[in-house]
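**Student:**
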Ligand SMILES: [Zn+2]
Ligand SMILES: [Zn+2]
């Protein structure tokens, strides 16, 4: 029996056998939400471009080693969270878990600094295999910027100013925490002191942190487990071990933040979950998002370009989690996607109505053409879509060269000459 029984398909669909759902942690962004996303993205684009950043689009898939060499082999991202697999030519590839490494790769590959390009932004999906929870997805989006070639604290200040501007434009209630995590010269001496301090308390640390003690003790400061927090609360501060260069840089950034009236607190426990940061780092945190409250984060990464094979190039950047911004931001715009609906009702009125629809669209109106069904069902659709205008075209209207124009908001209807339609829609119908 090759013929598929329609009744059988219906039954299986109803039972849920044949329905394919999206993967856990992957989310459809439906038309009733995309408007809010576009609004946020437009604001960020505006702000990034006003600071002379240019958009860059890099591939979603990269060689796996790009991230183990940049983000760091001992980070949670590389150890546990990356979508890494062998492609058909047997090489390990990774769905990018973050954007900075990809932009640095592109910078080096295309000699972008020599081409006069040094400040970039991206609005792009990232992928991490994490436990799905509120506001946290396996596919998520970053609004990110990266600036290359400048070691001056003005770039760090600029990054913070962009952040503040986004938060202000979106009216978000957050706090800014900053830290200085030192450089290649000064960090090793702190790491040594920290390791010595923690060694004596090794048994009290969580399993992950016991491992980090050997590989990357700095990350222990970032552990969210209460037992580890209790121990690190009294750990020596990284700020007491920084070299003069790092200390001066950090002081300068703080001076500029104060001058720009950007509120902040210094939190010496902020180390970020990625290995490439140097000197200035920051997090923007909201208390409304539960334990995972970081809305945006970033800092300086002066060694990364060199570590990935480029010439030494200081750099600074940040990324905001778009899902979290969306969750926090109270969006009040209306969600209208159509201004007018054109409904042919006569025997031979469809072609004329269809062409008129095209004329209205060329004038910049959002217009839907309803090609079949009764007038009643067409009006029901127009109401559901919250259209303001309905244009009804029957045989009589064609004969008279008019359109019956109805304003659904005011509940008025008038016959309008075809050549006057656009100006009447612009000005409104008299009651
Ligand atoms: Zn230093
Ligand atoms: Zn821990």
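Numbering (the numbering used here), first residue to last: 124 to 554.
We put the CB at the ideal spot given by N, CA and C, even for glycine.
What are the boundary residues of the alpha helix (DSSP H) that residue 485 is part of?
**Tutor:** By one-based count along the chain shown, residue 485 stands at place 362. Here the alpha helix (DSSP H) through residue 485 covers 473 to 485.
**Student:** Mapping DSSP to helix, strand and coil, what is residue 555?
**Tutor:** The structure shown does not extend to residue 555, since the chain spans only 124 to 554, so no value can be given for it.
**Student:** Please work out which residues of its chain come closer than 8 Å, Cβ to Cβ, to residue 632, disregarding the five sequence neighbours upstream and downstream, and give them in chain order.
**Tutor:** Residue 632 is absent from the model: the chain starts at 124 and stops at 554.
**Student:** With the cut-off set at 7 Å, would you say residue 190 and residue 217 are in Cβ contact?
**Tutor:** On the chain shown, residue 190 is found 67 positions in, with the first residue counted as 1. On the chain shown, residue 217 is found 94 positions in, with the first residue counted as 1. Contact flag set, yes.
**Student:** Does any heavy atom of ligand 1 sit closer than 6 Å to the C-beta of residue 439?
**Tutor:** Start at 1 with the first residue of the chain shown, and residue 439 comes out as number 316. Every heavy atom of ligand 1 is 6 Å or more from the Cβ of residue 439, so no.
**Student:** Measuring only from the beta carbon, is residue 434 closer than 6 Å to any heavy atom that is part of ligand 1?
**Tutor:** As a working note, residue 434 is residue 311 in the chain shown. Residue 434 Cβ: outside cutoff for every heavy atom of ligand 1.
**Student:** In terms of alpha-carbon separation, which member of 380, 357, 199, 195 lies closest to residue 321?
**Tutor:** The residue labelled residue 321 in the question sits at position 198 within the chain shown. With distances taken between Cα atoms, residue 321 lies closest to 357.
**Student:** With three or more beta-carbon pairs closer than 8 Å as the criterion, would you say the segment 308 to 326 touches the segment 424 to 440?
**Tutor:** No, the segment 308 to 326 is not in contact with the segment 424 to 440.
**Student:** Which partner residues does residue 569 have in the DSSP bridge list?
**Tutor:** Limits of the chain in this structure are 124 at one end and 554 at the other, which puts residue 569 out of reach.
**Student:** Can you tell me whether residue 188 is buried or exposed? The criterion is at least 16 other CB atoms within 10 Å of its CB, across all chains shown.
**Tutor:** Here residue 188 is taken as the residue at index 65 of the chain shown, counted from 1. Flag for residue 188 reads exposed.
**Student:** Which one of 352, 318, 355 has the shortest CA to CA distance from residue 337?
**Tutor:** Translated into the one-based positions of the chain shown, residue 337 becomes position 214. Minimum Cα distance to residue 337 is reached at 318.
**Student:** Expressed to the nearest angstrom, what Euclidean distance is found between the alpha-carbon atoms of residue 245 and residue 495?
**Tutor:** Counted from its first residue, the chain shown places residue 245 at position 122. Counted from its first residue, the chain shown places residue 495 at position 372. Near 43 Å, if we compare the C-alpha coordinates of residue 495 and residue 245.
**Student:** Could you tell me which whole beta strand (DSSP E) segments of length 3 or greater appear in the segment 285 to 339?
**Tutor:** Qualifying beta strand (DSSP E) stretches, in chain order: 298 to 303.
**Student:** In whole angstroms, what separates the C-alpha of residue 544 from that of residue 525?
**Tutor:** One-based indexing of the chain shown puts residue 544 at position 421. One-based indexing of the chain shown puts residue 525 at position 402. Each residue's alpha carbon lies about 9 Å from the other.
**Student:** Heavy atom of ligand 1 less than 6 Å from the Cβ of residue 305, yes or no?
**Tutor:** Along the chain shown, one-based indexing puts residue 305 at 182. Checking every heavy atom of ligand 1 against the Cβ of residue 305, one is found closer than 6 Å.
**Student:** Determine the direct distance from the alpha carbon of residue 533 to that of residue 552, and round the result to whole angstroms.
**Tutor:** The count along the chain shown starts at 1 and reaches residue 552 at position 429. The count along the chain shown starts at 1 and reaches residue 533 at position 410. Cα to Cα, the separation comes out at about 9 Å.
**Student:** When you compare only the Cα positions, how much space is there between residue 514 and residue 476?
**Tutor:** Taking the first residue of the chain shown as position 1, residue 514 is located at position 391. Taking the first residue of the chain shown as position 1, residue 476 is located at position 353. Roughly 9 Å separates the two Cα atoms.
**Student:** How long is the line joining the alpha carbons of residue 537 and residue 527, rounded to whole angstroms?
**Tutor:** Stepping through the chain shown from its first residue, residue 537 is reached at position 414. Stepping through the chain shown from its first residue, residue 527 is reached at position 404. So the alpha carbons of these two residues sit roughly 6 Å apart.
**Student:** Ligand 1 heavy atoms versus the CB of residue 308: any closer than 6 Å?
**Tutor:** One-based indexing of the chain shown puts residue 308 at position 185. True, at least one ligand heavy atom lies under 6 Å from that Cβ.
**Student:** Residue 157 by DSSP, collapsed to three states: which one?
**Tutor:** Along the chain shown, read from residue 1 onward, the residue named residue 157 stands at position 34. Three-state DSSP puts residue 157 in a helix.
**Student:** Where does residue 372 sit, in a helix, a strand or coil, going by DSSP?
**Tutor:** The residue given as residue 372 occupies position 249 in the chain shown. Three-state DSSP puts residue 372 in a helix.
**Student:** For the beta strand (DSSP E) holding residue 527, just list the boundary residues, first then last.
**Tutor:** Taking the chain shown and counting its residues from 1, one reaches residue 527 at position 404. Looking at the DSSP string, the run of the beta strand (DSSP E) that includes residue 527 is 525 to 530.
**Student:** Can you tell me the Cα-Cα spacing of residue 486 and residue 411, whole angstroms?
**Tutor:** Taking the first residue of the chain shown as position 1, residue 486 is located at position 363. Taking the first residue of the chain shown as position 1, residue 411 is located at position 288. Rounded to whole angstroms, residue 486 to residue 411 spans 43 Å at the Cα level.
**Student:** Would you mind working out which of 454, 440, 448, 414 sits nearest residue 267, comparing C-alpha positions?
**Tutor:** One-based indexing of the chain shown puts residue 267 at position 144. Closest by alpha carbon: 440.
**Student:** Under three-state DSSP, which class holds residue 108?
**Tutor:** Residue 108 lies beyond the stretch modelled for the chain, which goes from 124 to 554, so this question has no answer here.
**Student:** For residue 360, I'd like the list of residues in its chain whose CB is within less than 7 Å of its CB, leaving aside the five on either flank, ordered along the chain.
**Tutor:** Indexing the chain shown from 1 puts residue 360 at position 237. Excluding positions up to five away in sequence, the list reads 391.
**Student:** Apart from the five residues on each side of it in sequence, which residues of its chain come closer than 8 Å, Cβ to Cβ, to residue 124?
**Tutor:** Against the chain shown, residue 124 aligns to sequence position 1. Its pLDDT being 42, under 50, residue 124 is placed unreliably by the model, and the measurement read from it follows with that caveat. Cβ within range, chain order: n/a, list empty.
**Student:** Using 6 Å as the cut-off, classify the Cβ of residue 329 as near or not near the heavy atoms of ligand 1, replying yes or no.
**Tutor:** In the chain shown, counting from the first residue as 1, residue 329 sits at position 206. No, the beta carbon of residue 329 sits no closer than 6 Å to any heavy atom of ligand 1.
**Student:** Here's the rule: buried if 16 or more other CB atoms are within 10 angstroms of the residue's CB, otherwise exposed. What is residue 249?
**Tutor:** Counted from its first residue, the chain shown places residue 249 at position 126. Looking at its Cβ environment, which holds 16 or more other Cβ atoms inside 10 Å, residue 249 is buried.
**Student:** Is it true that the CB of residue 518 sits closer than 7 Å to the CB of residue 469?
**Tutor:** Working through the chain shown from its first residue, we reach residue 469 at position 346. Working through the chain shown from its first residue, we reach residue 518 at position 395. The answer is yes: Cβ separation under 7 Å.
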